[in-house]
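Asker: Chains A and B, in that order, give the protein sequences.
The opening position of the first sequence corresponds to residue 1 in this note's numbering, with each subsequent residue numbered one higher.
The opening position of the second sequence corresponds to residue 182 in this note's numbering, with each subsequent residue numbered one higher.
Idealized CB from N, CA, C, for every residue including glycine.
Below is one structure. I have some questions about it.
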Amino acid sequence: MNEKNGIKNEDALVEKARRDFDAFAVLYQHYLDPLYRYLLQRVHQVHDAEDLTTQVFMQVLDGLTANRYQKGGCFAAWLFTIARRRVADYYREHTCDPLEDPPNPAPDVLTNIEKEEDIQQLTHLLAQLGEQQQELLRLRFSANLSFAEIGVLEGRTEAAVKMAVYRILDYLREHWEEDNE
Amino acid sequence: MNKKKQFLQSNLDEALHQFYAGEKPEKPFADSLEMRLRQHHEELIPKDRKSYSQLKRRSIMNKLRTQPVFALLITIFAFLALTGIVYAVGRLTGFIPGFGFTAEGENVYMLAEPAESTSGETILQINKVVSGDNHLWMELTIKGETWSEWENFSDAFILQTDEDPIRCNSTSSSGVSEDEVEVNYEFPALADPTIEMTLQVENLYGQDFTIPFTLRPIENDEVIPEPTEMQNPLQSESIGGVQLVLDHVAVDSDKTIFQVSLHSDQPHTGTQGSAGYWSVTLSDENGSLYPLTDITPELIAQGIDDTHIYKTIPFTGSEKLTLKLSVFPPTDEVYLTKDFTPINCPTFAFDLGENVEIGKTWKLNQEITAGDFKLKVVGAALTDEGLVFEIEHDPSVSSVMFYSSDPLVTSASSSPVQSGNIFAVINLSGIPDQPMEIQLMRVYYQVKGNWEIQWQPPAAPEKGSAAPSSTPLPTLYPKPTPTAVTADPFLFEMKQLADEFDAPFQEGPTWVHVIKETNTEPAGGQYYPPEYLKNEKWYEIDAEGFIARSVSLDYDKDGRILQQSGTVGDYSVNFTYGFSGFNDGTLSLFSMDTLTHSLGSADQYGIQVTHKDSTCENGNDCLLVTLLDTFESPMQNPGEEQAFTGSGQHFWIDEESGLQVRWQSFWVLEDGSESIISTENTILVEKVNTPPQNILDILSKVIVVP
């Protein structure tokens, strides 16, 4: 989480969450929205995002109580490592079984849109980015991770992540302006 | 930056925010998931065993639940003891740990011999492979790496000569030790399992591995066999189109394994995974409950909420058993969803008309028939969110989802029941000027009933079975009594006070009856524990003051039993879910003291201890002891007005009796105030000669598995 809104000192809380559900509930409430948003961005279906959110939190709880999370680690990076693992599993399963379920109503990411044109323009620009660049934006804006946390997750330095994200934003700004001129 | 540029970038920022961060999970989902997590946490860490030093003394049941490797090894070790039953090689029907049940006549192949590959300091070893007609399951060990850093974008393939690579369907992993990780892969079935093949794993901890391996037909001691008479599933009565089905049974000399599932006679019907947890109980004619351990392989359990595999004791074959569906939180309802495809969904036309504005409402009288559901749409409103349809209250329906293929529709959602009626939302990016076709896509509903299967189990192949009565327990050793010798005079004083209270209740043989009430501030729609919970415990105390047997009952505010469990020695059975298992292999002295243990470890965790004089509710002098854990920096939750700066516990101790009469947990807010999480009051502690018959009845139904 970024420093403005996030839990600055998670170690104590994570340690407490191993034995105290109320502490875990704080982590849950803190990470539910970003995790769900990230998963929804990845799978585009509300029902699937809910299923994956459930799986991730269950695995996190199992992991904490079984002491699989190393004290002093980066909890957000651990959480989203698990989330990415579940997404990878999801796509493996769904490439083999694409027609089992009835299609869900809609790509629910585009809700509450008053400026539909802006979103369409953004979607168009994002489609021109590589998967890795899109993932950085998802981690930054949907998952609300700090550059340092993304760095842990991606195996890159904080500075490298920051530079990469700023380059993408510069690219978006540049082309956003071009499209509006 | 000129004004135009600023405006454009502001639009970009807003679009980025809307695109990436505009969505939130629905509240019913968020609340019910929190409830499930809370329940799961209770299962992982039993309520009475949360103190710091007890964390590592986890029961065998918890180990089995959280460490699949351990479970697997134990099960495999157990079935190595199988004695000579001969089966057709390669076509054995029964249960294979990790893989699940094989179908009748299924061609099953196993790993011929372990195989491994090394890259740098990382060793990847294939330990087990089971190949069936429908899928292939594989268990591997990664040595030299930690689970927390497991590479999440690795991919696995099976390569066979002249065949396209077969890509892994799903993966699960768990940490075995600090430098060992267990991975399970599931692949589609192989066309020919008899030819040589290679496992190729890409980008695992940044490295690629290639491991050749071969399979051989399964042998008769590698499957827990399914008796032929049990190969036709037994089913409960169908209620609301839902049946409990006993799919498979496998028997061994020391255990019985069975698979149950929920089936629906309607297509596109499923359980609402987020609405609660289901399990079964297994009882005999007298209502005695057999112990069940959930051993559903992880790759089956992952994402599938309709099937469970349990292990219980071996049977003689003469028992008359009842399998009964059990749902938690306690209810006699099963929560289901019914999906409709765009081809078969019921529809109705809705015309917004011309020049409509946000705030406009319509009265409707639109009936929708969808299978057994008869819904009546009574109104609609155009809001900031979009079109909100109001559907007349139906006691069996909790929510519905509408949709329309109109291009202005961006999404759809269901809304919690309000004022008895149901609401369905269709989000719009503009106001349609053409009539819309509204489609019913999903109905969330509940079915009330009692799903039971009468079952005469197959006999175990040898050794016989446990009779439905308590059997002798393994030898239990007293739990080391905490020493009263301490350098901390306050801790010493508190320990003395607690011991003085406990002493008369430890004079056995006797029974002790304890009642506590707990008031909890529910967090975000939390279902369990409820706002009010009464817990009643009955302890049988032996001549040395140790707890020989106990019964625990949780009641809600209306006096309904939410959970009941019985413990004989060290063995517990939860009668609500059927779960069972040994605890930590020790006997405990009866004690009402929960304070001194926390006091003893306060230093270790940097917890500040203060105390002051107070008055108990009964007017007696009370000592108020506070333990405060201050965070290094405040923690702020989105949506919360204030950050937490710490957490704490209050204990009120009656100075006259020594009883710890009240316990309270709380968060400390930035302004110094306390936000109470939970308050537990001890209402009664009494010695009795004999407990009520219903308590003895519960204990008589605890079947201990040595």
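Chain B beta carbons: is any one of them nearer than 8 angstroms to that of D170 of chain A?
Answerer: For D170 of chain A, the answer is no, since every Cβ of chain B falls outside 8 angstroms of its Cβ.
Asker: Per DSSP, what kind of secondary structure is K208 of chain B in: helix, strand or coil?
Answerer: It is helical.
Asker: Of all the residues that make up the region 612-626 of chain B, which are near chain A by a beta-carbon distance shorter than 7 angstroms?
Answerer: Result list: M622.
Asker: I need the boundaries of the alpha helix (DSSP H) containing A23 of chain A, first residue and last residue.
Answerer: F21 to V43 is the span of the alpha helix (DSSP H), which, as asked, contains A23 of chain A.
Asker: Does the beta-carbon of P406 of chain B have 16 or more other beta-carbons within 10 angstroms, so that it is buried, or is it exposed?
Answerer: Label assigned to P406 of chain B: buried.
Asker: Here's the rule: buried if 16 or more other CB atoms are within 10 angstroms of the residue's CB, otherwise exposed. What is Q424 of chain B?
Answerer: Q424 of chain B is buried by the Cβ-count criterion.
Asker: Which residues of chain A have a Cβ atom closer than 9 angstroms to the Cβ of V202 of chain B, listed in chain order?
Answerer: Note on residue identity: the sequence assigns Ala, not Val, to residue 202 of chain B. Simply D33, P34, R37, F141, S142 and N144.
Asker: Taking DSSP's pairing of strands, which residues face E359 of chain B in a bridge?
Answerer: Paired residues: none, contrary to the question.
Asker: Tell me the rounded alpha-carbon separation between K697 of chain B and G747 of chain B.
Answerer: Those two C-alpha atoms are separated by around 17 angstroms.
Asker: For E287 of chain B, which residues from the same chain have a beta carbon less than 6 angstroms from its beta carbon, with the 5 sequence-adjacent residues on both sides left out?
Answerer: Closer than 6 angstroms at Cβ, skipping near neighbours: G313 and D314.
Asker: Name the chain A residues that come within less than 7 angstroms of R219 of chain B, Cβ to Cβ?
Answerer: What R219 of chain B touches in chain A: F21.
Asker: Just the Cα atoms here: how many angstroms apart are T522 of chain B and F570 of chain B?
Answerer: Each residue's Cα considered, the two are about 20 angstroms apart.
Asker: Can you confirm whether D53 of chain A, when its beta carbon is compared against all beta carbons of chain B, has any partner nearer than 8 angstroms?
Answerer: It is Thr, not Asp, that sits at residue 53 of chain A in the sequence shown. True, the Cβ-Cβ gap to chain B drops below 8 angstroms.
Asker: Between L214 of chain B and G151 of chain A, what straight-line distance do the alpha-carbon atoms span, to the nearest angstrom?
Answerer: Going by the C-alpha atoms only, they are around 29 angstroms apart.
Asker: Quick one: using the 10 Å Cβ neighbour count with 16 as the cut-off for buried, is H124 of chain A buried or exposed?
Answerer: So H124 of chain A counts as exposed.
Asker: Would you say E320 of chain B faces chain A, with C-beta separation under 8 angstroms as the test?
Answerer: No, E320 of chain B lies away from the interface with chain A (no Cβ there is under 8 angstroms from its Cβ).
Asker: If you measure between the beta carbons of L218 of chain B and Y28 of chain A, is that distance less than 8 angstroms?
Answerer: In this structure, Y28 of chain A lies closer than 8 angstroms to L218 of chain B by Cβ.
Asker: Let me see if you follow: with CB-CB separation under 8 angstroms, is I788 of chain B close to chain A or not?
Answerer: With 8 angstroms as the cut-off, I788 of chain B does not count as an interface residue toward chain A.
Asker: Quick one: grab the DSSP three-state call for Y366 of chain B.
Answerer: Three-state DSSP puts Y366 of chain B in a strand.
Asker: Does the Cβ-Cβ distance between I742 of chain B and Q687 of chain B come in under 8 angstroms?
Answerer: No; because the gap between Cβ atoms is not below 8 angstroms, this pair is not in contact.
Asker: Helix, strand or coil: which one does DSSP assign to P398 of chain B?
Answerer: Residue state, collapsed to three classes: strand.
Asker: N875 of chain B by DSSP, collapsed to three states: which one?
Answerer: If DSSP states are grouped into helix, strand and coil, N875 of chain B belongs with the helices.
Asker: Let me know if V869 of chain B comes out buried or exposed under the rule of 16 or more other beta-carbons within 10 Å of its beta-carbon.
Answerer: Exposed.
Asker: Does DSSP classify G781 of chain B as helix, strand or coil?
Answerer: Reduced to three states, the DSSP call for G781 of chain B is helix.
Asker: Looking at C-alpha atoms only, which residue of B:N401, B:Y201, B:D373 and B:V515 is the closest neighbour of E442 of chain B?
Answerer: It should be noted that the sequence gives Ser, not Glu, for residue 442 of chain B. The shortest C-alpha separation from S442 of chain B is found at B:V515.
Asker: Using the Cβ count rule (16 or more neighbours within 10 Å means buried), how would you classify D345 of chain B?
Answerer: Exposed.
Asker: Report the neighbours of L197 of chain B on chain A: residues whose CB is nearer than 9 angstroms to its CB, in chain order.
Answerer: Here the neighbours are L122, L137, F141, L169 and L172.
Asker: Mark H222 of chain B as exposed unless 16 or more other C-beta atoms lie within 10 angstroms of its C-beta, in which case mark it buried.
Answerer: Per the 10 Å Cβ criterion, buried.
Asker: So is the beta-carbon of F812 of chain B under 7 angstroms away from any non-hydrogen atom of the ligand GDP?
Answerer: Ligands are entirely absent from the displayed structure, and the ligand GDP is therefore not among its contents.
Asker: Just the C-alpha distance for V87 of chain A and K629 of chain B, rounded to the nearest angstrom, thanks.
Answerer: Rounded to the nearest angstrom, the two C-alpha atoms are 35 angstroms apart.
Asker: Assuming the contact rule is C-beta atoms closer than 8 angstroms, F825 of chain B and W844 of chain B should be a hit. Round their C-beta distance to whole Å, please.
Answerer: Not really, about 20 angstroms apart at Cβ, beyond 8 angstroms.
Asker: Buried or exposed for G356 of chain B, please, with buried defined as at least 16 other CB atoms from any protein chain shown within 10 angstroms of its CB.
Answerer: Buried.
Asker: By the criterion of Cβ-Cβ separation under 9 angstroms, what are the contact partners of L40 of chain A in chain B?
Answerer: Per Cβ cutoff of 9 angstroms: E204 and P206.
Asker: Decide if Y786 of chain B is buried, meaning its Cβ has at least 16 other Cβ atoms within 10 Å, or exposed.
Answerer: By the 10 Å Cβ count, Y786 of chain B comes out exposed.
Asker: Are the C-beta of I113 of chain A and some C-beta of chain B separated by less than 8 angstroms?
Answerer: Note on I113 of chain A: pLDDT 39, under 50, position unreliable in the model; no value is reported.
Asker: Within the continuous alpha helix (DSSP H) that includes H47 of chain A, where are the two ends?
Answerer: V46 to T65 is the extent of the alpha helix (DSSP H) around H47 of chain A.
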